[in-house]
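Notes for the one structure printed next.
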Amino acid sequence: DAMVIQNPRYQVTQFGKPVTLSCSQTLNHNVMYWYQQKSSQAPKLLFHYYDKDFNNEADTPDNFQSRRPNTSFCFLDIRSPGLGDAAMYLCATSRDFPSDPQHFGDGTRLSIL
Amino acid sequence: QQQVKQSPQSLIVQKGGISIINCAYENTAFDYFPWYQQFPGKGPALLIAIRPDVSEKKEGRFTISFNKSAKQFSLHIMDSQPGDSATYFCAVDFGNEKLTFGTGTRLTIIP
Chain V
1 DAMVIQNPRY QVTQFGKPVT LSCSQTLNHN VMYWYQQKSS QAPKLLFHYY
51 DKDFNNEADT PDNFQSRRPN TSFCFLDIRS PGLGDAAMYL CATSRDFPSD
101 PQHFGDGTRL SIL
Chain S
114 QQQVKQSPQS LIVQKGGISI INCAYENTAF DYFPWYQQFP GKGPALLIAI
164 RPDVSEKKEG RFTISFNKSA KQFSLHIMDS QPGDSATYFC AVDFGNEKLT
214 FGTGTRLTII P
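Going down the list, the sequences are from chains V and S. Residue numbers for the first sequence follow our numbering, so the first one is 1 and each next one is one higher. Residue numbers for the second sequence follow our numbering, so the first one is 114 and each next one is one higher.
Below you can see the structure in the form of structure tokens.
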């Protein structure tokens, strides 16, 4: 029944060790978003895809990359995680740009040792 | 600068009372003003949204009031229940292909 699925739910990695988070959707939506959410804060948009067109937010660190190999899947790669990257990472989809509802997954909680 | 100011930061309401959360934005917004509800350990979920051609939208116990000239909109939760305890985010579409979220309100409904 889940429409936006994020794996894993919890991820622990070591400082500087690359990590990949995954997101899949069954909604066939054009747009996929990655957000970072820290405790008691609003979600912060990192980047989004409209189909295969990639849009990076100006303040997203170079350390964060993304891939969207097909409509259903999107990945977030953190090349060299620092302690400040510990957060909840949320994937969302929408049929079109923001005037359509965004459907969020339940997130991946990333911890850095 | 495109900002969304949300208040209060936290709110405690008695069961059966009315919860009111306010948002204000700067500059020109596009045409979509959603509210999201987030429970601990879950992603945000769309609760209710309004477009600026109407001043109010009601869905069950949830109502959005919108004042375009004042650039303000608010969420009213009538007959608040313990199950409404969550964090609420307003958001604004400024026409730049993304939503700008407010800072969030942690709502607690007490018996």
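C-beta atoms are modelled at their ideal positions from N, C-alpha and C, and glycine is treated no differently. The structure presented is a predicted model; accordingly, all values stated were derived computationally and were not measured.
- In the structure shown, the three-state DSSP call for P147 of chain S is strand.
- At a beta-carbon threshold of 9 Å, the residues of chain S lying near H48 of chain V are E210 and K211, ordered along the chain.
- Around the CB of L113 of chain V, fewer than 16 other CB atoms lie within 10 Å, so the residue is classed as exposed.
- Under the three-pair Cβ rule at 8 Å, the region 162–180 of chain S does not count as touching the region 212–220 of chain S.
- Uninterrupted beta strand (DSSP E) stretches at least 3 residues long and entirely within the region 152–213 of chain S occur at 158–163, 169–172, 175–180, 185–190 and 199–206, given in chain order.
- Non-local beta-carbon contacts of I134 of chain S in its own chain, meaning distances under 6 Å to residues more than five positions away in sequence, involve L188, Y201 and T218 in chain order.
- For F97 of chain V, the residues of chain S that pass the 7 Å Cβ criterion are E210, in the order they occur in the chain.
- Using a CB distance below 9 Å, the part of the region 47–78 of chain V facing chain S consists of H48, Y50, N55 and E57, ordered along the chain.
- Put simply, the backbone Cα of F186 of chain S is about 43 Å away from that of Q14 of chain V.
- Shown here, D85 of chain V sits in a helix according to DSSP, grouped into three states.
- At least 8 Å separates the beta-carbon of Y89 of chain V from that of Q25 of chain V.
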